[in-house]
Ligand code: NAD
Ligand code: UDX
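Numbering (full-length UniProt numbering), first residue to last: 35 to 516.
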């Protein structure tokens, strides 16, 4: 069989970086080299400020970097030396040509396959770590085999990644399962065992699931589609709650105690964000269309449609409650990342909500503990048509150093990300510096709504009606206590 001593990972992103850091950490006898075509990214991986924020990532990287973990731009050298190569490059939604707006763009994956075929002087196990449509491994195999040199053999495996951002290190150290798909031949099964052996350094054997390549590829899309569907389902319920007086948190609790449903991933929100859910559901939709399964495609498309609806519904609610106009009003946005404990903003619902408000001519003050100013401005300018002049963005948007600065002199406070620190702010102080009537829109259900009402705020939350009783709104804290 093939013994693995050196591992190469192509793509030093949110997946390649943390995944290979944990492999190096848990397998001290293996040499792991993570390569990327982006020299800034590699320089950051080699510096004190890593390119991504993940709890505990610093410690893991520092404990093995320079020992058996290396970050490099020398893609060819790393390919030459490794017996096992992860392809962990981005597979974004195509924004051009056939399948535009839905299909996954596989050009980066393909270029890795071509590079490997060109460079390799020995046999390799090539592991598809990127999320891809079903049958992508077959395309990689075809490219490798069409360019193969004598004496070299390739085995292509599917090994999708299930980590979530913000909890990546914990997810990698203690995964629910590791999935490995391979060819149902003896060579294929040998390669599956070789990769399984790497994970067995820390993952219990029974959690390493093996299956055929296509099942493995489809399982990744299926897992993300099911997770995204749960969020769209609870968000659809939240809309019913807001018009009936039901409370979505109570509904989630009631259904979550059914062991068949389970209580996780039932938090109503301003819609899911992140680089994966929308992209992967659309990838699945496009796959179904290509397979001539239009009913199945339409079914999954609705998961994305409800998500867009939820974002728009929330923005509209803000505008409506602020007396149907936000033009020239100041709105404080707390949180810009797509979830807490990450600095990632890809597909963050906050981007869409801010853009909806900017379209109405609102001024927005934004604070996020981990997202850099440049990133926020770049994200907001993704729709240049909103701004009638280039200066307009800077005129309307202020990036603030903390929540208090953001809230000062604003008409409304909007929670977009569930950062823990937002639950512990001094809301009395915030209220005193806001314009009146002062509004809070809790898009993440993380605040103590009754104490906000007692302070005098108008409070609006996803999936629950709160400020019905006008006597309660005008009541001062002193008058309220007996
Ligand atoms: P990313 O954009 O953070 O990183 C990808 C990296 O690959 C970039 O740094 C890019 O420069 C590099 N790259 C692209 N083409 C290259 C090439 N030819 N040679 C060398 N480097 C190249 O992406 P990511 O978030 O790490 O996602 C990677 C894959 O993993 C995607 O398919 C994604 O769907 C999947 N995935 C992501 C997550 C997540 O939470 N982000 C979770 C599970 C799966
Ligand atoms: C997801 C999958 O969870 C992970 O397994 C896969 O590998 C990559 O995609 P990620 O996007 O990093 O991970 O984070 P996740 O925790 O799934 O959250 C995605 C979005 O859904 C966030 O915007 C989050 O706020 C939102 N969400 C999550 C809800 O709105 N409600 C919930 O109950 C859970």
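For each residue, glycine too, the CB sits at the ideal point set by N, CA and C.
*Keeping to the same chain, check which residues put their C-beta closer than 6 Å to that of residue 510; ignore five residues upstream and five downstream.*
The residue labelled residue 510 in the question sits at position 476 within the chain shown. Note that residue 510 scores a pLDDT of 47, beneath 50, so its modelled location is shaky; the value from the coordinates is reported in the next line. If we look at residue 510 and ignore the five residues flanking it on each side, it has no Cβ neighbours.
*List the whole-angstrom C-beta distance separating residue 200 from residue 374, where the pair is believed to meet the contact cut-off of C-beta under 8 Å.*
The count along the chain shown starts at 1 and reaches residue 200 at position 166. The count along the chain shown starts at 1 and reaches residue 374 at position 340. Indeed they touch by this definition, with Cβ atoms about 6 Å apart.
*In the DSSP assignment, find the beta strand (DSSP E) that holds residue 518 and state where it starts and stops.*
Past the edges of the chain, shown from 35 to 516, lies residue 518, and the structure says nothing about it.
_residue 483 - containing alpha helix (DSSP H), residue span_ = Position 449 of the chain shown holds residue 483. It spans 483–489 - the alpha helix (DSSP H) in which residue 483 sits, taken as one unbroken run.
_Pairwise C-alpha distance: residue 461 and residue 455_ = Taking the first residue of the chain shown as 1, we reach residue 455 at position 421. Taking the first residue of the chain shown as 1, we reach residue 461 at position 427. If you take the alpha carbons of residue 455 and residue 461, they lie about 12 Å apart.
_Can you check which of these residues, 277, 122, 176, 439, is closest to residue 403 by C-alpha distance?_
Reading the chain shown from its first residue, position 369 is the one you call residue 403. If we check each option's Cα against that of residue 403, 439 comes out closest.
*Is the beta carbon of residue 42 less than 7 Å from the beta carbon of residue 116?*
In the chain shown, counting from the first residue as 1, residue 42 sits at position 8. In the chain shown, counting from the first residue as 1, residue 116 sits at position 82. In this structure, residue 116 lies closer than 7 Å to residue 42 by Cβ.
*Mapping DSSP to helix, strand and coil, what is residue 40?*
Residue mapping note: residue 40 aligns to position 6 of the chain shown, counting from 1. Looking at residue 40 - three-state DSSP - the assignment turns out to be strand.
*Hey, residue 263 and residue 337: beta-carbon distance below 7 Å or not?*
Indexing the chain shown from 1 puts residue 263 at position 229. Indexing the chain shown from 1 puts residue 337 at position 303. Between residue 263 and residue 337, the C-beta spacing is below 7 Å.
_Through-space distance from residue 445 to residue 95, alpha-carbon basis_ = For the purposes of this step, residue 95 is taken as residue 61 along the chain shown, with counting starting at 1. For the purposes of this step, residue 445 is taken as residue 411 along the chain shown, with counting starting at 1. Rounded to the nearest whole angstrom, the CA to CA distance from residue 95 to residue 445 is 44 Å.
_For chain C, check one thing: does any of its Cβ atoms lie closer than 7 Å to the Cβ of residue 481?_
Although the question refers to chain C, the structure presented lacks it and comprises just one protein chain.
*What are the start and end residues of the beta strand (DSSP E) that includes residue 267?*
Position 233 of the chain shown, counting from 1, holds the residue named residue 267. In the DSSP annotation of this structure, residue 267 is not part of any beta strand (DSSP E); the continuous alpha helix (DSSP H) holding it starts and ends at 247–278.
_Where the alpha helix (DSSP H) containing residue 439 begins and where it ends_ = The residue given as residue 439 occupies position 405 in the chain shown. Boundaries of the alpha helix (DSSP H) harbouring residue 439: 437–441, taken from the DSSP string.
*Just confirm the distance between the C-beta atoms of residue 141 and residue 150, as a whole number of angstroms; I'd bet it's less than 8 Å.*
The residue given as residue 141 occupies position 107 in the chain shown. The residue given as residue 150 occupies position 116 in the chain shown. Contact between residue 141 and residue 150 is absent: CB atoms are separated by about 15 Å, not below the 8 Å threshold.
*Range covered by the alpha helix (DSSP H) that runs through residue 342*: If you number the chain shown from 1, residue 342 lands on position 308. From DSSP, the alpha helix (DSSP H) with residue 342 extends over 328–355.
*asked:* Runs of 4 residues minimum, wholly inside the region 115–193: which ones carry the alpha helix (DSSP H) assignment?
replied: The qualifying runs are 141–153, 170–180.
*Do three or more CB pairs link the region 210–225 to the region 272–287 at distances below 8 Å?*
The region 210–225, when compared against the region 272–287, does not touch it at the 8 Å Cβ threshold.
*Look up residue 465 in the DSSP assignment and give the residues it is bridged to.*
Locating residue 465 in the chain shown gives position 431, counting from the first residue. In DSSP, residue 465 forms no bridge with anything.
_Can you tell me which residues fall inside 5 Å of ligand 2, judged by beta-carbon distance to its nearest heavy atom, and keep chain order?_
That gives 196, 198, 199, 265, 299, 301, 303, 306, 307, 308, 310, 372, 373.
*On the DSSP bridge assignment, give the partners of residue 446 in chain order.*
As a first step, residue 446 is located in the chain shown; it is residue number 412 there, counting from the start. Residue pairing by DSSP puts residue 446 in a beta bridge opposite 365, 473.
*Roughly how many whole angstroms lie between the Cα atoms of residue 37 and residue 64?*
Counted from its first residue, the chain shown places residue 37 at position 3. Counted from its first residue, the chain shown places residue 64 at position 30. Whole-angstrom Cα-Cα distance: 11 Å.
*Specify the secondary structure class of residue 311 as computed by DSSP and reduced to three states.*
Taking the first residue of the chain shown as position 1, residue 311 is located at position 277. Of the three classes helix, strand and coil, the one that applies to residue 311 here is helix, per DSSP.
_Alpha-carbon spacing of residue 385 relative to residue 230, whole angstroms_ = To locate residue 385, count along the chain shown from 1; it is residue 351. To locate residue 230, count along the chain shown from 1; it is residue 196. Our two residues, residue 385 and residue 230, have alpha carbons roughly 40 Å apart in a direct line.
*Of the choices 451, 425, 429, whose alpha-carbon is the least far from that of residue 437?*
On the chain shown, residue 437 is found 403 positions in, with the first residue counted as 1. Minimum Cα distance to residue 437 is reached at 451.
*Just the Cα atoms here: how many angstroms apart are residue 167 and residue 332?*
Position 133 of the chain shown, counted from the start, is the residue given in the question as residue 167. Position 298 of the chain shown, counted from the start, is the residue given in the question as residue 332. Rounded to the nearest angstrom, the gap between the Cα atoms of residue 167 and residue 332 is 17 Å.
*For residue 147 versus residue 186, is the C-beta spacing smaller than 7 Å?*
Here residue 147 is taken as the residue at index 113 of the chain shown, counted from 1. Here residue 186 is taken as the residue at index 152 of the chain shown, counted from 1. No. Outside cutoff.
*asked:* Considering only heavy atoms of ligand 1, does any lie closer than 6 Å to the CB of residue 70?
replied: To locate residue 70, count along the chain shown from 1; it is residue 36. Distances taken from the Cβ of residue 70 to the heavy atoms of ligand 1 include one shorter than 6 Å.
*Examine ligand 1 and report whether any of its heavy atoms sits within less than 6 Å of the Cβ of residue 46.*
Here the question's residue 46 lines up with position 12 in the chain shown. Yes - ligand 1 has a heavy atom lying nearer than 6 Å to the Cβ of residue 46.
*Quick one, which of 177, 120, 105 has its alpha-carbon nearest residue 80's?*
Working through the chain shown from its first residue, we reach residue 80 at position 46. Relative to the Cα of residue 80, the nearest Cα in the group 177, 120, 105 belongs to 105.
*Taking DSSP as the reference, what is the three-state secondary structure of residue 299?*
Locating residue 299 in the chain shown gives position 265, counting from the first residue. Residue 299 falls in the coil class under three-state DSSP.
*Do you know how far the Cα of residue 84 is from the Cα of residue 92?*
Residue mapping note: residue 92 aligns to position 58 of the chain shown, counting from 1. Residue mapping note: residue 84 aligns to position 50 of the chain shown, counting from 1. Rounded to whole angstroms, residue 92 to residue 84 spans 7 Å at the Cα level.
_Using 7 Å as the threshold, is the C-beta distance between residue 413 and residue 379 below it?_
For this step, residue 413 is matched to residue 379 along the chain shown. For this step, residue 379 is matched to residue 345 along the chain shown. A contact, by the Cβ cut-off of 7 Å.
*What is the rounded straight-line gap between the Cα of residue 113 and the Cα of residue 119?*
As a working note, residue 113 is residue 79 in the chain shown. As a working note, residue 119 is residue 85 in the chain shown. Going from the Cα of residue 113 to the Cα of residue 119 covers about 7 Å.
*Pull up the DSSP beta-bridge partners for residue 380, would you.*
Here residue 380 refers to the residue found at position 346 when the chain shown is read from its first residue. The partner list for residue 380 (beta bridge, DSSP) is empty, contrary to what the question assumes.
*asked:* For a test of your reading of the model: does the CB of residue 211 fall under 6 Å from any non-hydrogen atom of ligand 4? Yes or no.
replied: Absent from the structure shown: ligand 4. Ligands present: ligand 1 and ligand 2.
_According to DSSP, simplified to helix, strand and coil, what is residue 494?_
Here residue 494 is taken as the residue at index 460 of the chain shown, counted from 1. The three-state reading of DSSP puts residue 494 in strand, counting E and B together.
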